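Numbered by the numbering used here, the letters in the sequence shown go through residues 2 to 180 in order. Note that beta-carbon positions come from the ideal geometry of N, C-alpha and C, so glycine has one too. Nothing here was measured: the structure is a model prediction, and the numbers come from that model.
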Amino acid sequence: RSCSENGKSLARKFAYELSQCGITIASGLAKGIDTVAHLYSYKEKGKTIAVLPNGFNHIFPKENVGLYEKILDNGGLVISEYPPDIKAKSKYFLERNRIVSGLSAHRSGTSVTAKLAKTQGRKVFALPHEIWDLHGVGTNRLIKTGAILVTCVEDILDELYSSENLNSSNLNFSFSNSS
2 RSCSENGKSL ARKFAYELSQ CGITIASGLA KGIDTVAHLY SYKEKGKTIA VLPNGFNHIF
62 PKENVGLYEK ILDNGGLVIS EYPPDIKAKS KYFLERNRIV SGLSAHRSGT SVTAKLAKTQ
122 GRKVFALPHE IWDLHGVGTN RLIKTGAILV TCVEDILDEL YSSENLNSSN LNFSFSNSS
C-alpha cells in the first residue's frame, strides 16, 4: 500500500526500538508500513508475526515472498486462517485485520483494525501526521477519536508499563498503513 517516506522512516525507528525492548511486532505482510515493520523487527533479532490474507501457497504480495522466508528463518511466525491454496481477496484483508488486532496487546494502525482493537479492549496508539498530506488522514482521525498520540517509543513504553504493570515478555505491537 501507499505510504509516505516519513511513515516508512517512523515504522523503521519504532519497529527497531520496540524490538530492542523485547516487544513482538505483529502486522499483515502487506506492502508499505507492514513490510518495513517486519524487516526492522527481524533485523534487530526481534520477534515478528505476519498474518496472511491468503493460504501459504499464494503469498501476497509476491514481492514479500523473500520477507516471508526471512521471518520464518529468523524464528518469527507467519499465520493464516485460510487453506494453503486460497488466494488473497479484498474481504480476506479485513478478516486478517481482526487477527492482527487480536494478537496485539496494543495497537497502532488503520481505522478498521483500530476499531476492532477498541472492541477487543486494546489500546490504540497513533503517530501524528502532517495535516496537508493525504497519507495522514486516517492516522490523524484516530487521534481525534481517542487513539493515544505518540511521538517516540518511550511514549508507548510509559503508557504500557505505568497503566498495566506489564513486562515486555507479554507485549505485542502491530503496525499498519494509516490511509
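Residue environment, residue i, which counts as buried when at least 16 other CB atoms sit within 10 Å
i      : result
Asp35  : buried
Pro85  : exposed
Ser3   : exposed
Leu117 : buried
Close Cβ partners of residue i (< 7 Å) along its chain, the five nearest in sequence each way excluded
i     : result
Arg13 : Val37 and Tyr41
Lys71 : Tyr43
Glu18 : Val154
Asn65 : Leu30 and Thr36
Cβ neighbours of residue i in the same chain (closer than 6 Å, five flanking residues each side left out)
i      : result
His130 : Gly137, Thr140 and Asn141
Beta bridge counterpart(s) of residue i as assigned by DSSP
i      : result
Leu11  : Answer is none; Leu11 lacks a bridge partner.
Asp157 : This sequence places Ile at residue 157; Asp is not what is there. In the DSSP output, where bridge partners are listed per residue, Ile157 has none listed.
Whole-angstrom C-beta distance between residue j and residue i, which should lie under 8 Å
i      : j      : result
Ala127 : Leu104 : Contact doesn't hold; Cβ gap of about 18 Å is too wide.
Ser81  : Phe57  : 6 Å
Gly77  : Lys46  : Rounded, the Cβ-Cβ distance is 10 Å, inconsistent with contact.
Same chain, Cβ closer than 8 Å to residue i, neighbours up to 5 away in sequence not counted
i     : result
Tyr69 : Leu30, Ala51, Ile60 and Val79
Residue interval of the alpha helix (DSSP H) (run including residue i)
i      : result
Pro38  : In the sequence on display, residue 38 carries Ala and not Pro. Element bounds for Ala38: Ile34 to Lys44.
Thr152 : Segment: none, Thr152 is in no alpha helix (DSSP H) and carries neither H nor E.
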